[in-house]
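Participant:
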Amino acid sequence: MTPDHERSRSPAGRSGLAELLRGHRRAAGLTQAELASRAGVGVRTVRDLERGRSVRPQRTTVELLAAALELTGPARTAFLAAARGQAGGESPRPDATLAALAVTGPTTSAVDPVGPAPPVALPPAVALIGRDRDVTELAAMLTAEHGPRLVSLVGLAGVGKTALALSVAHGAAGAYPAGVSGVLIGEGSDGPDVLAASTAVLGAARLPELSARLAGRPALLLMDAVERAPGPVAETLHRLTAALPSLRVLVAGRHPVGLPGERVWPVAPLDVPPPDAERSGPATLGSWPAVALFTARLAQIRREPPTPDELPALAALVRRLGGLPLAIELMAARGRLLDLTELLDRYGDRVLDLATPADPSARPGWDAPDAATHPSNGAATTPATAAVTLRDAVATSYRLLAPEERDALRRLAMFGNRWSVELAEEMLADEADRDGTVAVDPVPLLDRLVELGLLSVRGTGPFRFRLLDAVRDFALEQAAGGGELTCVRRRHAEVIARLVARTATDLAGPRLPDAVHRLDEVSSDISSALAHAATDDPVTALRLAACLPRWWRFRGRDVAGRQWLRRLLADPRTAGADLVLRGWATLGVARLAAEHGAGPDELPTARAALDLFRKARDVSGELEARTVLGALLITVGGHDEAREQAEAVLRLAARNGRTRHLAVAQNSLAWHDIRVGDLAAARRRLAAVDRLAAESGEQRLRLLAWANRAEVARLEGRYADAVDQGRQVVAALSELGDPGHRRRVLGTVGLALAQEGRAAEATEMLAELRAGMADVAVAVPARSWMDRAGPPRPRADDLVLSRGGPEAGICALIEGNLALHRGDRELAAEWFAAAADAGQDRRDVVEALVGLAASTADPAVLDRLDQVCQESGIRLLPQESGLLYALIAARGGPAAG
223 MTPDHERSRS PAGRSGLAEL LRGHRRAAGL TQAELASRAG VGVRTVRDLE RGRSVRPQRT
283 TVELLAAALE LTGPARTAFL AAARGQAGGE SPRPDATLAA LAVTGPTTSA VDPVGPAPPV
343 ALPPAVALIG RDRDVTELAA MLTAEHGPRL VSLVGLAGVG KTALALSVAH GAAGAYPAGV
403 SGVLIGEGSD GPDVLAASTA VLGAARLPEL SARLAGRPAL LLMDAVERAP GPVAETLHRL
463 TAALPSLRVL VAGRHPVGLP GERVWPVAPL DVPPPDAERS GPATLGSWPA VALFTARLAQ
523 IRREPPTPDE LPALAALVRR LGGLPLAIEL MAARGRLLDL TELLDRYGDR VLDLATPADP
583 SARPGWDAPD AATHPSNGAA TTPATAAVTL RDAVATSYRL LAPEERDALR RLAMFGNRWS
643 VELAEEMLAD EADRDGTVAV DPVPLLDRLV ELGLLSVRGT GPFRFRLLDA VRDFALEQAA
703 GGGELTCVRR RHAEVIARLV ARTATDLAGP RLPDAVHRLD EVSSDISSAL AHAATDDPVT
763 ALRLAACLPR WWRFRGRDVA GRQWLRRLLA DPRTAGADLV LRGWATLGVA RLAAEHGAGP
823 DELPTARAAL DLFRKARDVS GELEARTVLG ALLITVGGHD EAREQAEAVL RLAARNGRTR
883 HLAVAQNSLA WHDIRVGDLA AARRRLAAVD RLAAESGEQR LRLLAWANRA EVARLEGRYA
943 DAVDQGRQVV AALSELGDPG HRRRVLGTVG LALAQEGRAA EATEMLAELR AGMADVAVAV
1003 PARSWMDRAG PPRPRADDLV LSRGGPEAGI CALIEGNLAL HRGDRELAAE WFAAAADAGQ
1063 DRRDVVEALV GLAASTADPA VLDRLDQVCQ ESGIRLLPQE SGLLYALIAA RGGPAAG
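Quick note, the sequence shown lines up with residues 223 to 1119 if you use our numbering.
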C-alpha cells in the first residue's frame, strides 16, 4: 500500500492532527528531527504522525510535542483536542481548529475567536523608530475597503522589513474579525509545506475547510522571509487569494512575489542627518531616526549618552552606515568597549565587515534566542557558527540580479550621493557610443533595483536616487575585483564634468540659486571625479575644475579650488588643452586668490588669462578677465589701471550687448567714485547697477549693489539707513551663499552700529563676523575692551593676529570705533593701529588712520595718512576732514586728499 493510499484511509487523514503538527512545525522552522529531539520522542513518531499513520498517539507524546512547539492557551487546547479526535476516530471540531492560530514565538493575543475582539496570533510588535509614516500608510492600505489584497514589503536584509510588518499587522488587526496570523517561511520549503503552514495558522487543516471557516469574514496573513521559497510562496498565495476572497496577505522579503495586483512597498533605511547637523546640538541631532536608533541601542550597553565631542562621530557613523537598522545595531553593540570616535576610525571604512552574531535566518520576534538555521527539507542541521557579514547579506540580493543588471549596478555605484535619471542614463550609455546617439532607458533598471531594496528614492527633485551605502560599497568591490574600476571611474568623471559644464552657465544669472543647489547635491561626486581624473585623465579634470571657481567661491572653498587649478595647469599633460579652457582655468586661479587675500600673488596670472582670451577672441572670457584684473589691481594700489579696466569692460559690454557685464562694470566704477570721495556719483552708478541687474535677472548683482549702497550711506553718516539696508543684504546672502561678500556686509553693518554708539548690537555683529571667519585674520588685543577692568592697558605688541584675510581690518575698525565712542582713546588707538596694519582695502586703511590720528593727535600719523592718500588717489570725506581739522590746523598743512 502506498503511503498516499494509506494516509487516505486514516480516520483523520491529513485533515486533523497531521496537518496541525506539520503546520506548527513548519511555522517554527523546525525539521522533524529537531522537533523530535526537543520533544524527547523518536523521529519516526513525528514522521508517522504527520503522515497520518499513527491513529492512536499517546497523550504523553502529544503533550511533549505541544511543549516542544511552545503552544499555549487556545493553540495548545486545539492541538490536544485534535489528537483526542484522531484517537477516537473523529475530526477535530471547527471551533478547536479556529483557535489553533499560534506561530513560533509568544502570542500577543489569545482571545477566544467567538468573542468581540479578533484573534491575533503573532509575535509581539517590535518598538520602531522612524517608521511612523510607514506604519500609518500601510495600515490604512490594508484596512481600506478597496485596498490591495497583497502587499509586499521589500528591501535589503537588515532594513527592518519584519519589524515593520509585525507592527503593521498588529495595527490593522481590528479590521480583521476572522483573525491575524503569521508564517515564517523556512529554507527549502515546497508548495505543500507553505500551504499547510498557512492554512494551519489560519485555523484549518485544508483549503476548503478554511474557506468555510472564514465564511467571508476578513482575515490577514503575514508571511515573512518569502525569498527563501519564492516559487512555492507565489503558488500558495495564488491559491489562497483565489479561494478566499476575504483574505489579505502582507508579505516581507527581499523581492516581490510577482503576482498580479501586488502592491510593492520598498522599505528604505532610516533617515540620516545631513553634514554638519551635529552643530545644531544633541537634541536636534537626536531627532533623526538613524541617530535615535543608534543612541537607543547604545544606551543598552553603556550608561553615558554620547558626549558633545562624540556628536560629529555619531553623525558620521550613521551616515556611513546608510541608515540601515541592522548595521546601526551591530555598530552600536561595539560601543561597549570603544567610544564613538574610535568606532568611526576603526570601522568607518569597513562597514561590509560588520558581522551578525546570530544566524542570518533569524527574524525579530519569530525565532528563539538559540535559534539556528532550519531548512524545512527534513534533514537535520547543526546550528550555524560562522558569523554572517553585511557583505553576505548584500551579496544575496546582488545574486538576484541578471548579469546586465549587475553591470549597471557597478556603474551606478560610482555616484557617491543622490543622482538623477539623466545622470544614470549617461552613466549607463554604451562605451562605444560616446556621443549618446543610442538612448538607454534606465527606468526599468531603476524600478528593479527599487523592488529589491537596493535603491532608495527620496524627495521630489531630479536628484532623488541613491544606492544604499552597503550596496554601493559591495558593488565597488565587485568592480575592483573584475578589473573595471578604472574604466568606470573615468566614465563617472566624464559624466560629472558634462553636468558641471551645463550647470556653470547658470552660475551667473537668474538661475544662480538653482545652479548652486544642483552642484551642492553632487558635491561628493565632484570631489571624487576630480580626484580620480587628476591622475587618470587630467584634461577631463581641467574641464571640470575650470567650471567650478564661482561655486567654490560661493561655498567658501576658494583655497582648495585654487590649489586644484594650479596643480592641473602645471600638469604637462594639459599643456595642449584648448586655449579657452586654459584661459578659464587660469582666470579661476586669480579669481579664487582674491577671496583669501592672495590676489597680489596672482596678478600675473590674471594678465595671462586676459592674453589667452584676447588671442582666442573670446568676448565672454575677456570681459571676465578684465573684471578680475581690475579687482586685483586695487589690492596693489593700481587704481588708475583698475579704473581703465572697468571702463574697458563697460565699452566692450555695451558693444556686444552684455547687460550683466554692464552692471558689473558700473559696480566697479562706483567703488572708484567712493575712492575719490564722490559719493553722489557712486549712488547714481549703484542705481544703474540695480536697474541693469534687474533687467538681466541677476539677483546676486542686485544684492551687491544694495550692499555698496549701504556702505555709501555709512560713509555719508546715515548709520541707521546703512544698518537697515545691510541687514537685508546679509539675510539674502545667507540664503544664496557667497560667504566672502556676506562677511564684508557684516563689517559694514558692524561699523555703522559702532559709529552710531550701539555698542551691544555692534558687539553681536563682531561675534558673528568672527565666527564665520575660519580662514581669515582678525586682529584681537590680548584682552577685549569688554573684559578689561582697568590698567594695565594693552600695548601694540599685545595684539595677536589669528589666521585671516580682508575682514581682519574691519573687525579692528569696529573695536576702535567702539572704544572711541566710549572715550577710551588709548584702547581706540591700539585698535586703529591694528586695523591700519591688517587692512587690505586702501579705503579701510585710510579710515583706520583717520581714527588713529583722532585718537592720538600724533602728527606722524597725518604724514602716513597723506602718503596713503597720495599713493591710492583716495580723498578724505567731509566728516573725516572735519574730524581731523584741529590736528591739521595745528600742523599747519592742508587737508589730506
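Cβ coordinates follow ideal geometry from the N, Cα and C atoms, glycine included.
Assign residue 839 to one of two classes, buried (16 or more other C-beta atoms within 10 Å of its C-beta) or exposed (fewer than that).
Facilitator: On the sequence shown, residue 839 is found 617 positions in, with the first residue counted as 1. It counts as exposed.
Participant: Count the other C-beta atoms from every protein chain shown that fall within 10 angstroms of the C-beta of residue 398, then say buried if there are 16 or more, exposed otherwise.
Facilitator: Along the sequence shown, one-based indexing puts residue 398 at 176. Result: buried.
Participant: Measuring CB atoms only, is the stretch 919–931 touching the stretch 961–970, in the sense that at least three cross pairs come out at less than 8 angstroms?
Facilitator: Yes, they touch.
Participant: Does the count of Cβ pairs from the stretch 424–437 and the stretch 259–279 closer than 8 angstroms reach three?
Facilitator: Taking 8 angstroms as the limit for Cβ pairs, the verdict is that the stretch 259–279 does not touch the stretch 424–437.
Participant: How many angstroms separate the CA atom of residue 916 from the CA atom of residue 923?
Facilitator: The count along the sequence shown starts at 1 and reaches residue 916 at position 694. The count along the sequence shown starts at 1 and reaches residue 923 at position 701. Between residue 916 and residue 923, the C-alpha separation is close to 9 angstroms.
Participant: How is the beta strand (DSSP E) around residue 445 delimited, first residue to last?
Facilitator: Here residue 445 is taken as the residue at index 223 of the sequence shown, counted from 1. Note, residue 445: beta strand (DSSP E), 441–446.
Participant: Give the range of the alpha helix (DSSP H) segment to which residue 389 is assigned.
Facilitator: One-based indexing of the sequence shown puts residue 389 at position 167. Per DSSP, residue 389 belongs to the alpha helix (DSSP H) from 383–394.
Participant: Taking buried to mean at least 16 other C-beta atoms within 10 Å of its own C-beta, is residue 1045 buried or exposed?
Facilitator: Here residue 1045 corresponds to residue number 823 of the sequence shown, with the count starting at 1. When all chains shown are included, residue 1045 counts as exposed.
Participant: Return the residue from the list 404, 736, 645 that minimises the CA-CA distance to residue 346.
Facilitator: Stepping through the sequence shown from its first residue, residue 346 is reached at position 124. It is 404.
Participant: Could you give the residue range of the beta strand (DSSP E) that holds residue 472?
Facilitator: For the purposes of this step, residue 472 is taken as the residue at position 250 of the sequence shown. Counting along the chain, the beta strand (DSSP E) containing residue 472 begins and ends at 469–475.
Participant: Starting from the C-beta of residue 413, find all residues in its chain whose C-beta is less than 8 angstroms away, skip the five residues before and the five after it, and write them out in chain order.
Facilitator: The sequence position of residue 413 within the sequence shown is 191, counting from 1. Result list for residue 413: 453, 454, 457, 458, in chain order.
Participant: Spell out the partners DSSP gives residue 1169 in its beta bridges.
Facilitator: Residue 1169 is absent from the structure shown; the chain starts at 223 and stops at 1119.
Participant: Per DSSP, what kind of secondary structure is residue 956 in: helix, strand or coil?
Facilitator: Translated into the one-based positions of the sequence shown, residue 956 becomes position 734. Three-state DSSP puts residue 956 in a helix.
Participant: Measure how close the beta-carbons of residue 502 and residue 638 come, nearest whole angstrom, since I'm counting them as under 8 angstroms.
Facilitator: For this step, residue 502 is matched to residue 280 along the sequence shown. For this step, residue 638 is matched to residue 416 along the sequence shown. That pair is no contact at about 24 angstroms.
Participant: What three-state label does DSSP hand residue 488 in the structure shown?
Facilitator: One-based indexing of the sequence shown puts residue 488 at position 266. Strand.
Participant: On a CA-only basis, which of 424, 474, 293, 269 is nearest residue 446? Give me that one, please.
Facilitator: Start at 1 with the first residue of the sequence shown, and residue 446 comes out as number 224. The residue with the shortest Cα to Cα distance from residue 446 is 474.
Participant: Grouping DSSP H, G and I as helix and E and B as strand, with all else coil, what is residue 972?
Facilitator: Here residue 972 corresponds to residue number 750 of the sequence shown, with the count starting at 1. The answer is helix: DSSP assigns residue 972 an H, G or I state.
Participant: Hey, quick one: how far does the alpha helix (DSSP H) through residue 416 stretch, first residue to last?
Facilitator: In the sequence shown, counting from the first residue as 1, residue 416 sits at position 194. Segment 413–423, the alpha helix (DSSP H) holding residue 416.
Participant: Note down the Cα distance separating residue 1102 from residue 1069, rounded to an integer number of angstroms.
Facilitator: Numbered from 1 along the sequence shown, position 880 holds the residue referred to as residue 1102. Numbered from 1 along the sequence shown, position 847 holds the residue referred to as residue 1069. C-alpha separation (whole angstroms): 8 angstroms.
Participant: Where residue 1065 and residue 991 are concerned, what is the direct C-alpha to C-alpha distance, given to the nearest angstrom?
Facilitator: Against the sequence shown, residue 1065 aligns to sequence position 843. Against the sequence shown, residue 991 aligns to sequence position 769. Answer to the nearest angstrom: the Cα atoms are 20 angstroms apart.
Participant: Grab me the residues of residue 984's own chain with a C-beta within less than 7 angstroms of its C-beta, minus the 5 sequence neighbours each way, in chain order.
Facilitator: Counting from 1 along the sequence shown, the entry for residue 984 is found at position 762. So the qualifying residues of the chain are 972, 975, 976, 1036, 1040.
Participant: So, at 7 angstroms on beta carbons, what are the nonlocal neighbours of residue 478 in its own chain, with the 5 sequence-adjacent residues on each side left out?
Facilitator: Locating residue 478 in the sequence shown gives position 256, where the first residue counts as 1. Closer than 7 angstroms at Cβ, skipping near neighbours: 374, 376, 484, 486, 673.
Participant: Just to confirm, is the Cβ distance from residue 465 to residue 400 under 8 angstroms?
Facilitator: Here the question's residue 465 lines up with position 243 in the sequence shown. Here the question's residue 400 lines up with position 178 in the sequence shown. The answer is no: Cβ separation not under 8 angstroms.
Participant: With residue 755 and residue 715 assumed to form a contact (beta carbons below 8 angstroms), what rounded beta-carbon distance in angstroms separates them?
Facilitator: Here residue 755 corresponds to residue number 533 of the sequence shown, with the count starting at 1. Here residue 715 corresponds to residue number 493 of the sequence shown, with the count starting at 1. About 4 angstroms separates the two Cβ atoms, so the contact holds.
Participant: Based on Cα-Cα distance, which residue from 292, 670, 489 lies nearest to residue 359?
Facilitator: Taking the sequence shown and counting its residues from 1, one reaches residue 359 at position 137. It is 489 whose Cα lies nearest to the Cα of residue 359.
Participant: Quick one: Cα of residue 912 to Cα of residue 685, how far?
Facilitator: Here residue 912 refers to the residue found at position 690 when the sequence shown is read from its first residue. Here residue 685 refers to the residue found at position 463 when the sequence shown is read from its first residue. Looking at the two C-alpha atoms, the distance is approximately 34 angstroms.
Participant: With respect to the beta strand (DSSP E) encompassing residue 810, which residues constitute its N-terminal and C-terminal limits?
Facilitator: On the sequence shown, position 588 is the one that residue 810 refers to. Note, residue 810: premise wrong, no beta strand (DSSP E); alpha helix (DSSP H) at 801–817.
Participant: Is the beta carbon of residue 845 closer than 8 angstroms to that of residue 868?
Facilitator: Sequence index remark: in the sequence shown, residue 868 carries index 646 (1-based). Sequence index remark: in the sequence shown, residue 845 carries index 623 (1-based). For residue 868 and residue 845, no; Cβs fall outside 8 angstroms.
Participant: Work out the CA separation of residue 281 and residue 540 for me, nearest whole Å.
Facilitator: Here residue 540 refers to the residue found at position 318 when the sequence shown is read from its first residue. Here residue 281 refers to the residue found at position 59 when the sequence shown is read from its first residue. Going by the C-alpha atoms only, they are around 54 angstroms apart.
Participant: DSSP beta-bridge partners for residue 641?
Facilitator: Within the sequence shown, residue 641 is the residue found at index 419, counting from 1. The partner list for residue 641 (beta bridge, DSSP) reads 687.
Participant: Does the distance from the CB of residue 761 to the CB of residue 725 come in under 8 angstroms?
Facilitator: Translated into the one-based positions of the sequence shown, residue 761 becomes position 539. Translated into the one-based positions of the sequence shown, residue 725 becomes position 503. Against a cut-off of 8 angstroms, the Cβ pair of residue 725 and residue 761 comes out as no contact.
Participant: Taking the C-alpha atoms as reference points, what is the distance between residue 273 and residue 519?
Facilitator: Here the question's residue 273 lines up with position 51 in the sequence shown. Here the question's residue 519 lines up with position 297 in the sequence shown. Taking the straight line from one Cα to the other gives about 46 angstroms.
Participant: How long is the line joining the alpha carbons of residue 879 and residue 804, rounded to whole angstroms?
Facilitator: For the purposes of this step, residue 879 is taken as residue 657 along the sequence shown, with counting starting at 1. For the purposes of this step, residue 804 is taken as residue 582 along the sequence shown, with counting starting at 1. Cα-Cα distance, rounded: 25 angstroms.
Participant: For residue 827 and residue 834, what's the separation of their Cα atoms in angstroms?
Facilitator: Looking up residue 827 in the sequence shown gives position 605. Looking up residue 834 in the sequence shown gives position 612. Going from the Cα of residue 827 to the Cα of residue 834 covers about 11 angstroms.
Participant: Between the C-alpha atoms of residue 209 and residue 853, what's the straight-line distance to the nearest angstrom?
Facilitator: This structure leaves residue 209 out entirely; the chain is present only between 223 and 1119.
Participant: Opposite residue 677 in the DSSP bridges: which residues?
Facilitator: As a working mapping, residue 677 is identified with position 455 in the sequence shown. For residue 677, which the question treats as bridged, DSSP gives the partners 689.
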